[in-house]
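Here my numbering is used: the sequence shown runs in plain steps of one and ends on residue 159.
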Amino acid sequence: MKTKVLRSPETEEVIKALSVYVEAGKEFDRLLELKKEKLSRAIYQSPSFDGPGGVNRNGLRSDKMANAMVSIERIDRKLCKIAGSFQTLINEVQSIIDNLKPDYNQMIVMEWRYINGEPWETISEKTGFSMSHCFLLHNKAIITLCEKGIKKGDGCKDD
Numbered sequence: 001m002k003t004k005v006l007r008s009p010e011t012e013e014v015i016k017a018l019s020v021y022v023e024a025g026k027e028f029d030r031l032l033e034l035k036k037e038k039l040s041r042a043i044y045q046s047p048s049f050d051g052p053g054g055v056n057r058n059g060l061r062s063d064k065m066a067n068a069m070v071s072i073e074r075i076d077r078k079l080c081k082i083a084g085s086f087q088t089l090i091n092e093v094q095s096i097i098d099n100l101k102p103d104y105n106q107m108i109v110m111e112w113r114y115i116n117g118e119p120w121e122t123i124s125e126k127t128g129f130s131m132s133h134c135f136l137l138h139n140k141a142i143i144t145l146c147e148k149g150i151k152k153g154d155g156c157k158d159d
């Protein structure tokens with residue numbers, strides 16, 4: 001059997017396919033922080049309003065506040081879209097990982113890495129494997145998935 005280099009185009013495709021859920025989670029967290037920042041900035045910078053409905057003393061709405069609310073609404077739509085796709089992404093990644101059966105050690109390492117998003121140190125602690133053994137299992141799993149022709153978009157296929 002020919003040994004594959006971990007950074008080949010095939011292995012990159014497999015890693016991208018496995019990373020979709022973790023990357024979506026990172027994007028969700030980034031957008032949530034951005035929303036908090038914009039909301040606090042809008043509240044901090046908003047003028048004092050005397051009238052009902054956010055109308056200032058001159059009878060005009062604050063453009064800064066309106067722009068901030070539009071921006072926050074856009075972020076909310078993106079957050080809802082990402083949140084709605086989480087279960088689909090988990091199913092897709094799990095479907096790819098299921099191709100590793102019957103090697104359950106590889107499956108466990110891959111699930112901790114690509115579904116739970118854990119760092120290698122945590123995976124090592126929770127599995128009881130050394131970090132080098134976790135890397136070895138990960139490498140073998142990636143090679144196995146490459147040999148099976150797994151790439152981005154291959155999850156959730158009907159068998």
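Positions of the beta carbon are idealized from the N, C-alpha and C atoms, including for glycine. A quick note: this is a predicted structure, and the numbers were derived from the prediction, not measured.
Problem - Rounded C-alpha distance that separates Met107 from Cys80 - result: 30 Å
Exercise for the section: Decide if Met32 is buried, meaning its Cβ has at least 16 other Cβ atoms within 10 Å, or exposed. Expected result: Residue 32 is actually Leu in this sequence, not Met. Counting Cβ neighbours within 10 Å, Leu32 comes out exposed, since fewer than 16 surround it.
Handout entry: Met110 to Ile97 span [Cα, whole Å]
Key = 7 Å
Practice task
Using 10 angstroms around the beta-carbon of Tyr104, count the other beta-carbons present and answer buried if the total reaches 16, otherwise exposed.
Solution key: exposed
Handout entry: Alpha-carbon to alpha-carbon, Glu13 and Leu89
Key = 16 Å
Exercise for the section: Just the C-alpha distance for Ile115 and Cys146, rounded to the nearest angstrom, thanks. Expected result: 19 Å
Handout entry: Pick from Leu18, Glu10, Met69 that is closest to Ala42, judged by C-alpha positions
Key = Met69
Exercise for the section: Mark Ser124 as exposed unless 16 or more other C-beta atoms lie within 10 angstroms of its C-beta, in which case mark it buried. Expected result: buried
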